[in-house]
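Using the numbering used here, the letters of the sequence shown map in sequence onto residues 12 to 116. Each remark here refers to the structure printed beneath this line.
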Amino acid sequence: MAAEARLQGEGNLKRELDSLVVQMHSAGVTYTEAVKQFKRRYLAEVLAHNKGNQCKAADELGIHRNTLSRTLSDLDLDSAQIRHGLKRPSMSERPRSAAAVVNMR
């Protein structure tokens with residue numbers, strides 16, 4: 012059963028990827044730009060999953076941390092921004108609910 016679910020998931024992923032590739036080609040996205048956008052999104056996802064920790068992300072990706080750091084630099088990605096983007100805003104920056112505003116009066 013687990014193998015069937017995995018195969019079905021892979022089939023769905025392939026269809027979604029095929030659709031995305033067709034859309035990108037139709038929109039005139041160059042190969043270089045497509046690869047760059049894929050790398051940016053994929054690395055941002057892995058970094059977010061690892062809370063911006065480049066060592067853990069590099070291990071998950073199967074690459075050296077220096078390679079990841081250099082690639083992030085080439086793609087203008089900052090793991091610190093990703094890490095800070097995961098933190099909850101301070102209390103003063105959080106939107107107040109209507110109930111909280113009423114209670115303050």
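Every residue, glycine too, gets a C-beta built ideally from N, C-alpha and C.
Using the rule of at least 16 other Cβ atoms within 10 Å of the residue's Cβ for burial, across every protein chain shown, is residue i buried or exposed?
i: Asn61; result: buried
i: Gly63; result: buried
i: Glu27; result: exposed
i: Ser90; result: buried
i: Ala69; result: buried
My guess is that residue i and residue j are in contact by the Cβ rule of under 8 Å, so how many angstroms apart are they, rounded?
i: Gln65; j: Arg76; result: 5 Å
i: Leu24; j: Arg51; result: Actually they are not in contact, since the Cβ atoms of Leu24 and Arg51 sit about 19 Å apart, beyond 8 Å.
Just reading off the alpha helix (DSSP H) that residue i is part of, what are its end residues?
i: Leu18; result: 13-37
Inset, instruction - At 4 residues or longer, and completely inside the stretch 39-78: list those alpha helix (DSSP H) runs for me, N to C. - result: Whole alpha helix (DSSP H) segments, 4+ residues: 42-60, 65-72.
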